[in-house]
Amino acid sequence: MTQRYEVPAIAYGGPQVAPEQPSPDSIKLAKSLILVEFISDLYPESNLLPKDPVQHAKTCFFIDAVSTKFLPAYMGPLACGESFDSFWAALETLQVLLPADKTFAVGDEYTAADIVIALFLAHMEVWLTNDIGAYKAGEGTKAAQYFFKGQRFARFVKYFNAIKARDSFPATFDVDYMKEKYTAQFASLREQVQAAAVAAAA
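Following full-length UniProt numbering, the numbering of the sequence shown begins with 1 at its first residue and continues without gaps.
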């Protein structure tokens, strides 16, 4: 965590020290999108940013769409109790970019494009299916049914299932832990947001 309380964060360079006390000689980096590109550049042999110029461009375009379309809409329902309409529209923008005959965001290989959205989708499944958020009680359950069982996002669900099928997913994402953290974080927020909405309408 950085001094601005940003996570995830890493310290790169400088002497070897305890992770919780990074050296002042190291460079501190935060924010998921920046870190993914940094790691991709640090380990070019991983091919997380494809060497093929067309695939590389598609990867960068998808990452930009996640950053400019999806992330701004992500916290609306969860933290502010806003309608899911903008959230669905953002997801649809990304779904259009998914190739119909490929496994992942830009092809059959897992790239930086998939990494930048995988964790957000994993978190989304937790707070939707457990009805956790600032929205009215029951809205998350309905939204989960709409997303995971409906036809509108069938391609996106197939894509997300491919991400979850990778060995790295269960090894790095603890569903029960995240459910506990989200429940604790948003337990009182729903009451506050809904009370404010009632007061504003009075």
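Glycine included, each C-beta is placed from N, C-alpha and C at the ideal position.
So, are the CB atoms of residue i and residue j less than 8 Å apart?
{"i": "residue 94", "j": "residue 116", "result": "no"}
{"i": "residue 98", "j": "residue 153", "result": "no"}
{"i": "residue 179", "j": "residue 106", "result": "no"}
{"i": "residue 49", "j": "residue 56", "result": "yes"}
{"i": "residue 140", "j": "residue 128", "result": "yes"}
{"i": "residue 100", "j": "residue 155", "result": "yes"}
{"i": "residue 175", "j": "residue 126", "result": "yes"}
Leaving out five residues before and five after residue i in sequence, what residues of the same chain have Cβ atoms less than 6 Å from its Cβ?
{"i": "residue 193", "result": "81 and 134"}
{"i": "residue 16", "result": "none"}
{"i": "residue 189", "result": "134"}
Starting from residue i, follow the alpha helix (DSSP H) in both directions and report where the run begins and ends.
{"i": "residue 63", "result": "53 to 65"}
{"i": "residue 189", "result": "189 to 201"}
{"i": "residue 128", "result": "112 to 129"}
{"i": "residue 170", "result": "168 to 172"}
{"i": "residue 141", "result": "139 to 149"}
{"i": "residue 155", "result": "154 to 164"}
{"i": "residue 86", "result": "85 to 97"}
{"i": "residue 79", "result": "71 to 80"}
{"i": "residue 179", "result": "175 to 186"}
Looking only at its chain, what residues have a beta carbon closer than 8 Å to the beta carbon of residue i, apart from the 5 residues adjacent to it on each side?
{"i": "residue 86", "result": "73 and 76"}
{"i": "residue 104", "result": "110, 111, 113, 114, 159, 162 and 163"}
{"i": "residue 197", "result": "81"}
{"i": "residue 83", "result": "76 and 77"}
{"i": "residue 183", "result": "130 and 132"}
{"i": "residue 41", "result": "49"}
{"i": "residue 18", "result": "none"}
{"i": "residue 71", "result": "120"}
{"i": "residue 5", "result": "A caution first: residue 5 carries a pLDDT of 33, below 50, which makes its placement in the model too unreliable to give a value."}
Under 7 Å Cβ to Cβ from residue i, same chain only, skipping five residues before and after it: list those, please.
{"i": "residue 148", "result": "157"}
{"i": "residue 122", "result": "173"}
{"i": "residue 102", "result": "108"}
Under 7 Å from any heavy atom of the ligand FAD, does the C-beta of residue i make it?
{"i": "residue 38", "result": "As presented, the structure is devoid of all ligands, the ligand FAD included, so that no description of it is given."}
Worksheet item: Would you say the region 62 to 79 touches the region 122 to 133, given that touching needs at least three Cβ pairs under 8 Å?
Response: Touching, yes, given that three or more Cβ pairs across the two stretches are closer than 8 Å.
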